[in-house]
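First comes the structure, then the notes that go with it.
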Amino acid sequence: MTTAAATARSPIPIRRMDFELTDDIPEHWGIDGNPFLTALMSALSASFPAGERYFIHSVNHYVDQLGDDPELRARVRGFAGQEAQHTKEHLAFNRFLDARGVPALAIEQRVEEILDDLKRHNTPAENLAHTVALEHLTAFLASAALESPEAFFGKMHPTVAAFWGWHLIEELEHRSVAFDVYQRCVGDEKLRLRAMAIITVFFTAVNLLRTARVMRATGHRWDLAAWAKGLNLLFGRPGVLRKMSPLYRAFYRTDFHPDQHQVDQALDQARAYFLPGHERTTG
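In my numbering, each residue carries its 1-based index in the sequence shown increased by 155.
Shown next, in the form of structure tokens:
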């Protein structure tokens, strides 16, 4: 186990959030007020409820194999609790989007069908490997956002910024849980690396397709300026995701552990900025 993995972690809190989605939230509420980036974030939101349930299912399958490790068991409970809250809040956000003409519920249903099929046909180890890969991608996105908060959140409606900020904070708080369960119970390095390679291609392709679907539904299919500006902000020079590419590549190292990327300062700043006023209880 790496030094990062062996370090004692803070407990993973389960926050009950209450976001009021009001009519004054603009049509283009996403990063930089950009229609393409709004559509991309809408597509991601539509995938989250089924995705979070898949993650919980994949990790919980191995709970009985964790042995006498109360810390890891507690972290799994925190992970599942946070993901359950993400499911609840994104279901509400998706209904809000759907009422505005975004096909969020249709995308949500299709993602659920795909992941239910994976649950049936994959081995538990494959499901957990896919979860580990997707959790790293979401932590990668969360790091990019919370370490460049002005670029991501500077022009957002405050409620929407808090909603996404909360979700990304918790992705970083539980970023190593699925990985640690995988290393404890499966430990197949070839499967872990193969899963990331497959998931990276699939995640990128399907989310671009879903983004195009949202752009078409909202009348921005041919808004090439929005596409170009959004893609440049993410992948150009110095695109916020491009700057974080070393974190993605680190996953392929044999000594990789998610906690090797230090995020404590970014997390402390993000909690202070995003959470006050929206958090009802912490369990």
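For every residue, glycine included, the Cβ atom is placed at its ideal position computed from N, Cα and C.
All values reported here derive from a predicted model rather than from experimental measurement.
In three-state DSSP terms, what is residue i?
i, result
"Met172", "strand"
"His276", "helix"
"Asp187", "helix"
"Ala100", "In the structure as shown, the chain starts at 156 and stops at 438, and residue 100 therefore has no counterpart that could be examined."
"Ala363", "Note on residue identity: the sequence assigns Leu, not Ala, to residue 363. If DSSP states are grouped into helix, strand and coil, Leu363 belongs with the helices."
"Met370", "helix"
"Ile211", "helix"
"Asp419", "helix"
"Ile167", "coil"
"Phe429", "helix"
"Trp382", "helix"
"His245", "helix"
"His457", "Residue 457 is absent from the structure shown; the chain starts at 156 and stops at 438."
"Ile269", "helix"
"Asp219", "helix"
"Pro393", "coil"
"Gln240", "helix"
"Arg177", "The sequence as given places Thr at residue 177; Arg does not occur at that position. If DSSP states are grouped into helix, strand and coil, Thr177 belongs with coil."
Here's the rule: buried if 16 or more other CB atoms are within 10 angstroms of the residue's CB, otherwise exposed. What is residue i?
i, result
"Arg347", "buried"
"Trp375", "Checking the sequence, you will find His at residue 375 rather than Trp. Buried, by the Cβ-count rule."
"Ala380", "exposed"
"His276", "exposed"
"Ala352", "exposed"
"Arg404", "exposed"
"Trp319", "buried"
"Tyr407", "exposed"
"Glu344", "exposed"
"Pro258", "buried"
"Gln424", "exposed"
"Pro166", "exposed"
"Asn282", "buried"
"Asn249", "buried"
Taking residue i and residue j to be in contact with their CB atoms under 8 Å, please state how far apart those CB atoms are, rounded to whole angstroms.
i, j, result
"Ala198", "Arg365", "4 Å"
"Phe174", "Ala317", "7 Å"
"Phe307", "Ala297", "No, Phe307 and Ala297 are not in contact; Cβ-Cβ is about 10 Å, not under 8 Å."
"Leu402", "His412", "The Cβ separation is near 12 Å, so there is no contact."
"Val369", "Val214", "Incorrect: roughly 30 Å between the Cβ atoms, too far for contact."
"His458", "His322", "This structure leaves residue 458 out entirely; the chain is present only between 156 and 438."
"Phe191", "Trp377", "That belief does not hold up - the Cβ atoms of Phe191 and Trp377 are roughly 12 Å apart, past 8 Å."
Quick one, which of the options has its alpha-carbon nearest residue i's?
i, options, result
"Thr286", "Leu388, His329 and Leu252", "His329"
"Met311", "Asn189, Ala239 and Pro168", "Asn189"
"Asp224", "Cys340, Pro413, Ile354 and Ala284", "Cys340"
"Ala254", "Asp178, Val231 and Phe234", "Asp178"
"Lys384", "Asp187, Leu430, Arg368 and Pro168", "Asp187"
"Ile354", "Glu290, Trp321 and Gln338", "Glu290"
"Asn362", "Glu268, Ser200, Pro181 and Met172", "Ser200"
"Phe203", "Val218, Trp184, Glu238 and Asp219", "Glu238"
"Tyr337", "Arg265, Ala360 and Val218", "Val218"
"Arg171", "Glu325, Thr193, Arg208 and Ile180", "Glu325"
"Ala372", "Arg164, Ile180, Leu195 and Arg228", "Leu195"
Comparing the CB of residue i with every heavy atom of the ligand NAD, is any distance shorter than 7 Å?
i, result
"Leu430", "This structure does not include the ligand NAD; it has no bound ligands of any sort."
Contiguous alpha helix (DSSP H) assignments of at least 4 residues, all confined to the segment 287-357: Complete alpha helix (DSSP H) runs here, min 4: 304-308, 313-328 and 332-340.
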